[in-house]
Amino acid sequence: AFPEVWRTTVEELSEAFVIHPFGGSLPERPAPNEYLGVRPADVDRFRFARQRWPKERVLALVTATFRHKRDHNV
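For the sequence shown, the tail end lands on 101 under this note's numbering, and the numbers increase by one without skipping.
The structure is reproduced here in structure tokens:
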């Protein structure tokens, strides 16, 4: 179940995007600014998940880290 206090906070942040990682507690109906992030390791689990989100609300959740600021400038 998605905590009710979070639902209020998400709706108040209408100017921000909220990305929920796949596998955690998710709201049943996403707000207009909510998206679902799926990591590469979770793609197969996502494909067969019971809970469905609209496809236009699903994003690739790929994390990248950089040693230095200059490493970011590829």
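Each residue gets a CB set at the ideal place from its N, CA and C atoms; glycine is no exception.
Check                                                                                                                                              : Outcome
Rounded to a whole number of angstroms, what is the C-alpha to C-alpha distance between Phe75 and Gly64?                                           : 15 Å
Taking Thr36 as the reference, give the member of Phe49, Gly51, Glu55, Glu61 with the closest Cα.                                                  : Glu61
Between which residues of its own chain and Trp80 is the CB-CB distance below 7 Å, once the five residues before and five after are set aside?     : Pro57, Leu63
Assuming Gly51 and Asp69 are in contact, meaning their beta carbons sit under 8 Å apart, how far apart are those beta carbons, in whole angstroms? : Going by Cβ atoms, the distance from Gly51 to Asp69 rounds to 11 Å, so no, they are not a contact pair.
Taking the C-alpha atoms as reference points, what is the distance between Phe93 and Leu86?                                                        : 22 Å
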